[in-house]
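Okay, so here's the structure we're looking at.
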Amino acid sequence: MSEQAARLELSGITKAFPGVLANDHVSFAVQPGEIHALLGENGAGKSTLVKMIYGVLKPDAGEIRWDGQTVHTENPKAARALGIGMVFQHFSLFEAMTVLENIALGMDTALTRQALENRVREVLDTYGLILDPHRHVHTLSVGERQRIEIVRALLQEPRLLIMDEPTSVLTPQEVDKLFETLRQLAQEGCSILYISHKLHEIQALCDTATILRGGKVVGDCDPKVETAKSMAEMMIGANLKSVEKKERGAAGPVRFAVKDLAAPADGPFGTALQHISFEVHAGEIFGIAGVAGNGQNELLEALAGEVTAGGTNMVSLDGEPIGNDLTGARRAKGLCSVPEERNGHGAVPDFSLAANTVLTARQRMGLVSSGFIHFGASTEFADKVIQDFNVKATGSEAAASSLSGGNLQKFIMGREILQKPDVLVVSQPTWGVDAGAAAAIHQALLDLAAEGSALVVISQDLDELLAICDEIAVINEGHLSRTLRVGEVSIDEIGLLMGGIHGAPKEVSHAA
Amino acid sequence: MSPEILIAIIMTVIGASTPILIAALGELVVEKSGVLNLGIEGMMLVGAIAAFAVTLTTGSHWLGVIAGIVAAMAASMIFAVLTLSLMSNQVATGLALTIFGIGLSSLIGEGYVGKTVPVFGSFFPAGLAEHPVLKLIFGHSPLVYVSVALTIAIAWFLKHSRAGLILRAVGESDHAAHSIGYPVIRVRYMAVAFGGALAGVAGAYFSLVLVPLWTEGLTAGRGWIALALVVFSSWKPWRLFLGAYLFGLVMTMELHFKAAGVTLVASEFLAALPYLATIAVLAIISWRGQEKVNAPACLGKPFRETT
Numbered sequence: 001m002s003e004q005a006a007r008l009e010l011s012g013i014t015k016a017f018p019g020v021l022a023n024d025h026v027s028f029a030v031q032p033g034e035i036h037a038l039l040g041e042n043g044a045g046k047s048t049l050v051k052m053i054y055g056v057l058k059p060d061a062g063e064i065r066w067d068g069q070t071v072h073t074e075n076p077k078a079a080r081a082l083g084i085g086m087v088f089q090h091f092s093l094f095e096a097m098t099v100l101e102n103i104a105l106g107m108d109t110a111l112t113r114q115a116l117e118n119r120v121r122e123v124l125d126t127y128g129l130i131l132d133p134h135r136h137v138h139t140l141s142v143g144e145r146q147r148i149e150i151v152r153a154l155l156q157e158p159r160l161l162i163m164d165e166p167t168s169v170l171t172p173q174e175v176d177k178l179f180e181t182l183r184q185l186a187q188e189g190c191s192i193l194y195i196s197h198k199l200h201e202i203q204a205l206c207d208t209a210t211i212l213r214g215g216k217v218v219g220d221c222d223p224k225v226e227t228a229k230s231m232a233e234m235m236i237g238a239n240l241k242s243v244e245k246k247e248r249g250a251a252g253p254v255r256f257a258v259k260d261l262a263a264p265a266d267g268p269f270g271t272a273l274q275h276i277s278f279e280v281h282a283g284e285i286f287g288i289a290g291v292a293g294n295g296q297n298e299l300l301e302a303l304a305g306e307v308t309a310g311g312t313n314m315v316s317l318d319g320e321p322i323g324n325d326l327t328g329a330r331r332a333k334g335l336c337s338v339p340e341e342r343n344g345h346g347a348v349p350d351f352s353l354a355a356n357t358v359l360t361a362r363q364r365m366g367l368v369s370s371g372f373i374h375f376g377a378s379t380e381f382a383d384k385v386i387q388d389f390n391v392k393a394t395g396s397e398a399a400a401s402s403l404s405g406g407n408l409q410k411f412i413m414g415r416e417i418l419q420k421p422d423v424l425v426v427s428q429p430t431w432g433v434d435a436g437a438a439a440a441i442h443q444a445l446l447d448l449a450a451e452g453s454a455l456v457v458i459s460q461d462l463d464e465l466l467a468i469c470d471e472i473a474v475i476n477e478g479h480l481s482r483t484l485r486v487g488e489v490s491i492d493e494i495g496l497l498m499g500g501i502h503g504a505p506k507e508v509s510h511a512a
Numbered sequence: 513m514s515p516e517i518l519i520a521i522i523m524t525v526i527g528a529s530t531p532i533l534i535a536a537l538g539e540l541v542v543e544k545s546g547v548l549n550l551g552i553e554g555m556m557l558v559g560a561i562a563a564f565a566v567t568l569t570t571g572s573h574w575l576g577v578i579a580g581i582v583a584a585m586a587a588s589m590i591f592a593v594l595t596l597s598l599m600s601n602q603v604a605t606g607l608a609l610t611i612f613g614i615g616l617s618s619l620i621g622e623g624y625v626g627k628t629v630p631v632f633g634s635f636f637p638a639g640l641a642e643h644p645v646l647k648l649i650f651g652h653s654p655l656v657y658v659s660v661a662l663t664i665a666i667a668w669f670l671k672h673s674r675a676g677l678i679l680r681a682v683g684e685s686d687h688a689a690h691s692i693g694y695p696v697i698r699v700r701y702m703a704v705a706f707g708g709a710l711a712g713v714a715g716a717y718f719s720l721v722l723v724p725l726w727t728e729g730l731t732a733g734r735g736w737i738a739l740a741l742v743v744f745s746s747w748k749p750w751r752l753f754l755g756a757y758l759f760g761l762v763m764t765m766e767l768h769f770k771a772a773g774v775t776l777v778a779s780e781f782l783a784a785l786p787y788l789a790t791i792a793v794l795a796i797i798s799w800r801g802q803e804k805v806n807a808p809a810c811l812g813k814p815f816r817e818t819t
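This is the structure:
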């Protein structure tokens, strides 16, 4: 049989888009049952490459061999017929439909609703994933959405599973469980092409790594031998600055206080907030951990002022009650925020970067007066953000949608940080962002805190919180846990506080 | 109110409701695929004249209906090529299609003005079709039964069939559908063609059943009401069905008041009622909030196959 042939072999794959050479003679092979990491910065061409493997795009040149045979995957259906499954980074989900309908759309064979539901429940059980098949996607958190993609791919019984950043929204226990699943799949002979920025995960999971930079393969390595730092440096082609957490003296005065905050659920399947109380001192970063969908969206909205709190004293800034202020008023008083979703919430995709600065920085940076926009000032401010935060963009006139995820995130973070807010609330500051950009964002947050601002970071990435926060609390089903000092708490302890997800909070806690 | 008048009212309401129901059902499918075709009025007129001319020439109503379908589908394909393949703006192209349809139907219909065809009436025996009470069930044009069957079929198709699921997926997120491997453009072509076909049936209903005599601009703006009806129904076939009858009732209010001898309200006001009702309905629906409006997320947005 084809024991010797690689499951998937790429040779000389080249793909150009107008103005960009996304992939330049990329060659590597994935063996049967191998867990192969694909590493690279945002814009290195990883997504383009896997889209060609999955038949979404066609290569300009080069050859894809499957079990030794040259194949031309015309479309994803053809790829699935070969046995290639894929979990997308930007989910290919339909918001107004149920989980089950979304899964049905990913299947090439039509099953009856009941048969499909049974199979879905089977896969959920086998791999320890929790998901309600009848919920509508628009009510689900990022983490739950990703689970749909994973289930969709697993139902196809793939022989090669492509996973694009699959663990970014899972609890440590869930990640362990997922890795168990992936290892089990690999043992059954399924190859896995694993894209992640979490280098220690790649070390824990992968057998081989191929590193892409600027569309070219710059090296292969055995992640078990390399260090996370050495891989990161191969990836960005330069030395990685490590994040400096400056020693700070005694905590300053309380700058931001939330007292017994309650908020209704955001949509019919959201999570209502109850009795949320915490304080953040000057110079401190307060982390809020938790699995997606436990009230993070509602919390960000309530803190940022997108919804007003039930009472004005529920949120206060430097002792001044601001609970009844909306976003604009809160910004004017010194509270800035960055939501989780970059496109459409943090920035208007079709607007230029300069116009996007006007949207949130108009008051603090004086970009508007008497109802007129100062185009010069907004362009200047956008240029400053681009420069200070090392954003890769063609200029302040580039549309926000033309930036890669990591670059847009750097821009949005920079736009808020350069306004020198007294309090900054951010959600998922480095979701889908590469190691280099993440380090830059972390450093900027630490620097802002060092200047005396109070920061709240809502994140599902525990490593991130442990790296930059002084204190952490965990949000679970709309309740906030007691505050924990970083350094006095273990990952397992936080993981257990995270619990599970809707309706089945107990199951996950036994996983570790 | 005597039973005869009540029956007469119901018969007129069904007559007025059926064409907007058929046209709106077609548009519902089109919009579910993410395409906004504002050309219903134009396609209906093209269908109406084709149906009228063929029926007059051949004497067969069914051949007329088929001609109406083919003609309106052809008109919808002009729209499809422009908007789906050549990426033109859907709103502008739809409006152009309406203007084109009005002009073309007048041109073709010039020689037919004032001519009549026999009414495309009930195929049941006269004993049933003209029975004073049973005509409520048996006294309609075959196209009325077709409209009910279409409602059931489309409701089932969208909710339970795999093809319907794919259609909704394409309208919900074209890029996601493309990345899973569904032919977005082809699905939309088929949806637009179906919408055109139903606009053709609706047009045929106008010229063969409702007013079996050719006049210019026979459809009198009913295409716009069908369009509003789709929004009114929140893109749900059963609500569309109810909405069509509700609008049918409002549209025929003027006649009913006259028949009942009520002169309280100016007849001009009554004639304007359906349009006022359209505005009121749209306002109430938007006021109820974004989530419940249920519009396909990609409605009106062109799809380009990149990255």
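Chains A and B, in that order, are what the protein sequence lines are.
When we follow our numbering, the leftmost residue of the first sequence carries the number 1, and every step to the right adds one.
When we follow our numbering, the leftmost residue of the second sequence carries the number 513, and every step to the right adds one.
Glycine included, every Cβ here is placed at the ideal spot set by N, Cα and C.
Model, not experiment: these values are computed from the prediction.
For A/G106, the closest Cβ of chain B is nearer than 8 Å. A/K259 carries a strand assignment under DSSP once its states are collapsed to helix, strand and coil. The beta-carbon of A/L160 is placed no less than 8 Å from the nearest beta-carbon of chain B. In the same chain as A/P32, and ignoring 5 residues on each side of it, the C-beta atoms closer than 7 Å to its own belong to R7, G189, S191, in chain order. In terms of beta-carbon proximity, B/L752 stays away from the interface with chain A, with every pair separated by 8 Å or more. Not one beta carbon of chain A lies nearer than 8 Å to the beta carbon of B/G707. Rounded to whole angstroms, the gap between the alpha carbons of B/I611 and B/G580 is 18 Å.
Classified as exposed, A/E157 has fewer than 16 neighbouring CB atoms from the shown chains inside 10 Å of its CB. Annotated three-state conformation of A/I276 is strand, per DSSP. Taking every protein chain shown into account, the CB of A/Q114 has fewer than 16 other CB atoms within 10 angstroms, so this residue is exposed.
Under the three-pair Cβ rule at 8 Å, the segment 533–544 of chain B does not count as touching the segment 593–604 of chain B. For the segment 31–47 of chain A, there are no residues whose beta carbon sits under 7 Å from a beta carbon of chain B. The C-beta distance from A/A454 to A/E284 rounds to 6 Å, short enough to fall under 8 Å. Boundaries of the beta strand (DSSP E) harbouring A/M86: 84–87, taken from the DSSP string.
Non-local C-beta neighbours of A/T312 in its own chain, meaning closer than 6 Å and more than five positions away in sequence, comprise P321, G323, N324, ordered along the chain. The CB of A/F351 never comes closer than 7 Å to any CB in chain B; the least such distance is about 17 Å. Residues of chain A whose Cβ lies closer than 9 Å to the Cβ of B/G527 do not exist; the shortest such Cβ separation is about 35 Å. Look at B/F706 here: in three-state DSSP terms it is helix. Shortest Cα-Cα distance from A/L205 to any of A/V391, A/P166, A/V315 involves A/P166.
Setting aside the 5 residues that flank it on each side, A/A473 is surrounded in the same chain by F278, F286, G287, I288, A289, L480, S481, R482, T483, L484, each with a C-beta closer than 8 Å to its C-beta; the list follows chain order. From the listed residues B/A565, B/F669, B/V658, B/V742, the smallest Cα separation to B/V629 is found for B/A565. When only Cα atoms are considered, A/A78 and A/L10 end up about 17 Å apart.
In this structure the segment 548–568 of chain B lies against the segment 723–741 of chain B, because at least three pairs of beta carbons, one per stretch, are closer than 8 Å. In the same chain as A/V137, and ignoring 5 residues on each side of it, the C-beta atoms closer than 8 Å to its own belong to L93, F94, E95, A96, M97, T98, V99, N102, R145, I148, in chain order.
The three-state secondary structure of A/D492, taken from DSSP, is helix.
Annotation: Cβ neighbours of A/S92 in chain B (cutoff 7 Å, chain order): A688, S691, I692. Close CB contacts of A/M498 within its chain, under the 7 Å cut and outside five residues either way in sequence, are with T171, A289, G290, V291, V474, N476 (chain order). Per the coordinates, the alpha-carbon of B/A689 lies some 9 Å from the alpha-carbon of B/G683.
Taking C-beta atoms under 8 Å as the contact rule, B/T727 and B/F718 fail to qualify, at a distance of about 10 Å.
In the DSSP assignment, A/A209 forms a beta bridge with A/A37, A/C221. Under the three-state reduction of DSSP, A/M365 is assigned to coil, being neither helix nor strand.
The contact set of A/P133 on chain B, defined by CB atoms closer than 8 Å, is empty, because the minimum CB distance reaches about 15 Å. In this structure A/F351 is not in contact with A/L367, their Cβ atoms being roughly 14 Å apart against a cut-off of 8 Å.
If you check the CB distance, A/A304 and A/S337 come in under 8 Å. A/A110 is a Cβ neighbour of B/R674, given a cutoff of 8 Å. For the pair A/D164 and A/V50, the CB atoms are nearer than the 8 Å cut-off.
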